[in-house]
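According to numbering that gives the first Met the number 0, the residues represented by the sequence shown are 0 to 371, in order.
For glycine and all other residues, C-beta sits at the position ideal for the given N, C-alpha and C.
Heads up: the structure comes next, in structure tokens.
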Amino acid sequence: MEFIDLKAQYQLLEEKIDQRIKKVLKHGRYIMGPEVFELEEKLAEYCGVKHAITVANGTDALQLSLMALGIGPGDAVITTTFSFFASAEVISLVGAIPIFVDIEEDTFNICPEKLEQTILKYSDSADFKVKAVIAVDLFGLPADYTKIEPLCKEHGLFLIEDAAQSFGASIKDRKACSFGDIATTSFFPAKPLGCYGDGGAVFTGSDELAEMVKSLRVHGMGKDKYDNVRIGMNSRLDTIQAAVLLEKIKNVENEIECRNKNAKNYNSRLNKCFHVPFSPEGFMSAIAQYTVKVEAERRQEVLGNLGGQDIPAQIYYNKPIHLLDAFSSLQLVKGLYPVAEKLSNEVFSIPVHAYLEADQQERVIEALLGVQ
Ligand SMILES: *Cc1c(COP(=O)(O)O)cnc(C)c1O
Numbered sequence: 000m001e002f003i004d005l006k007a008q009y010q011l012l013e014e015k016i017d018q019r020i021k022k023v024l025k026h027g028r029y030i031m032g033p034e035v036f037e038l039e040e041k042l043a044e045y046c047g048v049k050h051a052i053t054v055a056n057g058t059d060a061l062q063l064s065l066m067a068l069g070i071g072p073g074d075a076v077i078t079t080t081f082s083f084f085a086s087a088e089v090i091s092l093v094g095a096i097p098i099f100v101d102i103e104e105d106t107f108n109i110c111p112e113k114l115e116q117t118i119l120k121y122s123d124s125a126d127f128k129v130k131a132v133i134a135v136d137l138f139g140l141p142a143d144y145t146k147i148e149p150l151c152k153e154h155g156l157f158l159i160e161d162a163a164q165s166f167g168a169s170i171k172d173r174k175a176c177s178f179g180d181i182a183t184t185s186f187f188p189a190k191p192l193g194c195y196g197d198g199g200a201v202f203t204g205s206d207e208l209a210e211m212v213k214s215l216r217v218h219g220m221g222k223d224k225y226d227n228v229r230i231g232m233n234s235r236l237d238t239i240q241a242a243v244l245l246e247k248i249k250n251v252e253n254e255i256e257c258r259n260k261n262a263k264n265y266n267s268r269l270n271k272c273f274h275v276p277f278s279p280e281g282f283m284s285a286i287a288q289y290t291v292k293v294e295a296e297r298r299q300e301v302l303g304n305l306g307g308q309d310i311p312a313q314i315y316y317n318k319p320i321h322l323l324d325a326f327s328s329l330q331l332v333k334g335l336y337p338v339a340e341k342l343s344n345e346v347f348s349i350p351v352h353a354y355l356e357a358d359q360q361e362r363v364i365e366a367l368l369g370v371q
């Protein structure tokens, strides 16, 4: 059993993907070829956003967003402490200060009430100016933008949606990648829309921000790439990866439906023995991960039992970001963000991918119920 079965997915799409890649090899425009622009149109249309700009990976997408918003030294950016490291790493990378906020116990996402308290707490800091919020759609579930968007507007803060795990998710009729001033996603192979290498994209409704990101991803280009008008990056999506994504995006809805069906089945079978994931009314998760909670003392036993039966499981995340060594200079001690700290000892994720067979899922369920 695979944790995420990329081989089964390739088998399904093999002929079409191979043809698309071959077309690129024949026309030879490996950098910024026509597939890149075709994909950008498809992405924008799918997410209901005016501009989609492809880039080299999801981390660069976040960094380019901060750069486009003009965030740097002297600024601070607020984000969740329960995410992949990159969500906070980019804040330091542009020279700003990361400020963390705790999460909601039931959704794993940034807590809007604690976010508001944090905004107020630092609103007249003499050391830095809080400029933006990076909210993360963890495990595929959009953060609560019904509260976060108005909050950021009220306090004059930019909002960035880190939708690396939530491509295809939605809140009512709004798709992930459409919230805030700028949204970002990742096409890392294991994400809801993955390519066969690294890739990412930035989304925005603003013409100015879109122009800025397009310039920044090609060395701060002006009218052409040898007319450099600002310090930028080299962060383009390969044409071959765009070709792969053009085929895979056609299958994305179908895969999300399968993962939601698998999640629903897990929910009904596991909810007596584990805390199963929760989606608020009107929220549709992309189910990038199916993450359950068990008392910290029992997690090792449960994982050992799964491992013993060759069932793959993962822990996302073993440590909240504020306790990672890379941020030790911020001196953020244990106890500051109790919900994230507690959940990092309780969570584990099990296979939920779209190609999981019914008998495989049954095996996972029985293994989990067996240790009760
Ligand atoms: C994967 C991920 C990223 C980074 O994406 P890469 O393409 O690997 O650089 C950023 N944020 C979150 C929440 C992620 O899961």
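Worksheet item: Thinking C-alpha only, which one of Gly-281, Gln-299, Asn-261, Val-291 is nearest Lys-271?
Response: The candidate whose alpha carbon is nearest that of Lys-271 is Val-291.
Worksheet entry | C-alpha distance - Asn-266 paired with His-274, whole-angstrom precision | When rounded, the distance between both Cα atoms is 9 Å.
Item to complete: Measure how close the beta-carbons of Gln-62 and Val-89 come, nearest whole angstrom, since I'm counting them as under 8 Å.
Response: That belief holds up - the Cβ atoms of Gln-62 and Val-89 are roughly 4 Å apart, short of 8 Å.
Fill in: Proximity below 7 Å, CB of Glu-246 to CB of Lys-15
Yes, they are a contact pair.
Practice prompt. With a 10 Å radius around its C-beta and 16 neighbouring C-beta atoms as the bar for buried, classify Pro-319 as buried or exposed.
Written response: Only buried fits Pro-319, as 16 or more other CB atoms lie within 10 angstroms of its CB.
Worksheet item: What first and last residue would you give for the alpha helix (DSSP H) that runs through Glu-386?
Response: Coverage of the chain is limited to positions 0 through 371, which leaves residue 386 absent and any answer about it impossible.
Discussion item. Strictly by DSSP, which residues pair up with Met-220?
Written reply: Asn-227.
Discussion item. Considering only their Cβ atoms, is the gap separating Ala-55 from Leu-42 smaller than 7 Å?
Written reply: For Leu-42 and Ala-55, no; Cβs fall outside 7 Å.
Practice prompt. Below 8 Å on the Cβ atoms is my guess for Ile-159 versus Ser-64; work out the distance and round it to an integer in Å.
Written response: Contact between Ile-159 and Ser-64 holds: CB atoms are separated by about 5 Å, below the 8 Å threshold.
Fill in: ligand 1 heavy atom lying under 6 Å from the CB of Asp-237
Annotation for Asp-237 indicates a beta carbon at 6 Å or more from all heavy atoms of ligand 1.
Worksheet entry | Touching by the beta-carbon criterion (3+ pairs, under 8 Å), the segment 211-220 and the segment 232-240 | As far as the Cβ criterion goes, the segment 211-220 touches the segment 232-240, which means the pair count is three or higher.
Practice prompt. Considering only heavy atoms of ligand 1, list every residue whose Cβ is less than 6 Å from one of them, following chain order.
Written response: Near ligand 1, meaning a beta-carbon closer than 6 Å to one of its heavy atoms, we find Asn-56, Gly-57, Thr-58, Ser-82, Phe-83, Ala-85, Ser-86, Val-135, Asp-161, Ala-163, Gln-164, Ser-185, Phe-187, Asp-197, Gly-199.
Practice prompt. Within its chain, find whatever has a CB closer than 8 Å to the CB of Val-301; leave out the 5 residues flanking it on each side and keep chain order.
Written response: Excluding residues up to 5 positions away in sequence, Val-293, Phe-347, Leu-367, Val-370 lie with their Cβ nearer than 8 Å to the Cβ of Val-301 in the same chain.
Discussion item. Under 8 Å: do the segment 130-138 and the segment 64-83 share three or more Cβ pairs, one atom per stretch?
Written reply: The count of Cβ pairs closer than 8 Å, one atom from the segment 130-138 and one from the segment 64-83, reaches three, so the stretches are in contact.
Discussion item. What does the alpha-carbon distance come out to for the pair Val-93 and Gly-193?
Written reply: Inter-residue distance for Val-93 and Gly-193 is about 26 Å (C-alpha atoms, whole angstroms).
Worksheet entry | Residue of Lys-341, Ala-287, Leu-269, Ser-124 minimising C-alpha distance to Glu-296 | It is Lys-341.
Fill in: Lys-292, enclosing beta strand (DSSP E) - first and last residue
Counting along the chain, the beta strand (DSSP E) containing Lys-292 begins and ends at 289-292.
Fill in: Burial state of Tyr-29, where buried means 16 or more other Cβ atoms lie within 10 Å
Counting Cβ neighbours within 10 Å, Tyr-29 comes out exposed, since fewer than 16 surround it.
Worksheet item: Among residues of its own chain, excluding the 5 on either side of Lys-333, which ones have a beta-carbon nearer than 7 Å to its beta-carbon?
Response: Within the same chain, Lys-333 has close Cβ partners Leu-322, Glu-340.
Item to complete: Starting from the Cα of Thr-184, find the closest Cα among Thr-53, Ile-77, Leu-335 and give me that residue.
Response: Checked all of Thr-53, Ile-77, Leu-335; the closest Cα to Thr-184 is Thr-53.
Discussion item. Looking at Ala-175: is its Cβ nearer than 7 Å to the Cβ of Ala-189?
Written reply: No.
Worksheet item: At which residues does the beta strand (DSSP E) containing Ala-51 begin and terminate?
Response: Counting along the chain, the beta strand (DSSP E) containing Ala-51 begins and ends at 50-54.
Worksheet item: For Asn-317, is the classification buried or exposed, using 16 other Cβ atoms within 10 angstroms of its Cβ as the cut-off for buried?
Response: By the neighbour-count rule (16 or more Cβ atoms within 10 Å), Asn-317 is not buried but exposed.
Discussion item. Residues in the same chain with beta-carbon distance under 8 Å from Ser-124, minus the five sequence neighbours each way, listed in chain order, please.
Written reply: Around Ser-124: Ala-75.
Discussion item. Pull the bridge partners of Arg-173 from the DSSP assignment, please.
Written reply: Answer is Ile-170.
Practice prompt. Could you spell out where the alpha helix (DSSP H) holding Lys-22 opens and where it closes?
Written response: According to the DSSP assignment, Lys-22 belongs to the alpha helix (DSSP H) that extends over 5-26.
Worksheet entry | Separation of Asp-59 from Ala-385, as counted between CA atoms | In the structure displayed, the chain extends from 0 to 371; residue 385 sits before or after that span and is not available.
Worksheet entry | alpha helix (DSSP H) segment containing Ala-131, residue limits | Following the DSSP letters along the chain, one finds Ala-131 in no alpha helix (DSSP H) but inside the beta strand (DSSP E) bounded by residues 128-135.
Worksheet item: Between Lys-152 and Glu-365, what straight-line distance do the alpha-carbon atoms span, to the nearest angstrom?
Response: So the two alpha carbons sit approximately 48 Å from each other.
Discussion item. I believe Val-100 touches Leu-114 by the beta-carbon criterion, under 8 Å. Please report the beta-carbon distance rounded to the nearest angstrom.
Written reply: Indeed they touch by this definition, with Cβ atoms about 5 Å apart.
Worksheet item: With 16 other CB atoms within 10 Å as the buried threshold, where does Ser-165 fall?
Response: Using a 10 angstroms sphere on the CB of Ser-165, the tally of other CB atoms reaches 16 or more, which defines it as buried.
Worksheet item: Would Val-251 pass as a contact of Ile-102 if the rule is Cβ separation under 7 Å?
Response: No, they are not a contact pair.
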